[in-house]
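Residue numbers (our numbering): 267 to 376.
Here a beta-carbon is modelled for each residue, glycine too, at the ideal position from N, C-alpha and C.
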């Protein structure tokens with residue numbers, strides 16, 4: 267059974283603000299996740315981030331970006347936050363943004 271990979275509206279807006287080559291990389295990795303699931307994709311495409319959060323690792327001519335997602339019931343992955351990466355380590359603010367959105371999503375869909 268195929269996985270479902272969806273985006274919160276805020277994350278979709280953030281993704282659309284990234285350069286075209288970064289968006290193309292996201293589409294490619296999303297297809298891999300849909301077909302094979304997160305545990306069968308692995309590095310260099312995805313990796314665990316913190317707690318239940320994972321990240322999609324995107325790079326292109328115009329820079330590096332990450333999409334933070336969480337696995338949910340029913341073989342569903344939800345992208346919570348997309349950001350351009352400027353330092354080697356994922357910024358705490360990006361993780362906190364994803365955690366806040368995950369809590370809001372869980373509160374809205376118990």
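What separation, rounded to the nearest whole angstrom, lies between the Cα atoms of residue i and residue j?
| i | j | result |
| --- | --- | --- |
| residue 298 | residue 325 | 16 Å |
| residue 286 | residue 304 | 24 Å |
| residue 292 | residue 309 | 14 Å |
| residue 327 | residue 358 | 25 Å |
| residue 375 | residue 330 | 32 Å |
| residue 314 | residue 284 | 22 Å |
| residue 312 | residue 270 | 16 Å |
| residue 290 | residue 355 | 23 Å |
| residue 296 | residue 288 | 12 Å |
Out of the options, which one is the CA nearest neighbour of residue i?
| i | options | result |
| --- | --- | --- |
| residue 272 | 286, 322, 350 and 287 | 322 |
| residue 371 | 275, 267 and 270 | 275 |
| residue 339 | 318, 301, 290 and 363 | 318 |
| residue 348 | 300, 341 and 282 | 282 |
| residue 365 | 341, 333, 351 and 350 | 333 |
| residue 280 | 367, 350 and 294 | 350 |
| residue 369 | 335, 354 and 307 | 335 |
If residue i and residue j are in contact, beta carbons under 8 Å, what's the gap, nearest whole angstrom?
| i | j | result |
| --- | --- | --- |
| residue 337 | residue 343 | 6 Å |
Shorter than 8 Å from the beta carbon of residue i to some beta carbon of chain D?
| i | result |
| --- | --- |
| residue 344 | The structure shown contains no chain D, having only a single protein chain. |
Taking a contact to mean a Cβ-Cβ separation below 8 Å, would you say residue i touches residue j in this structure?
| i | j | result |
| --- | --- | --- |
| residue 300 | residue 268 | yes |
Handout entry: Within the stretch 283 to 347, ranges of the beta strand (DSSP E) (whole runs, at least 3 residues)
Key = 312 to 316, 319 to 326 and 329 to 338
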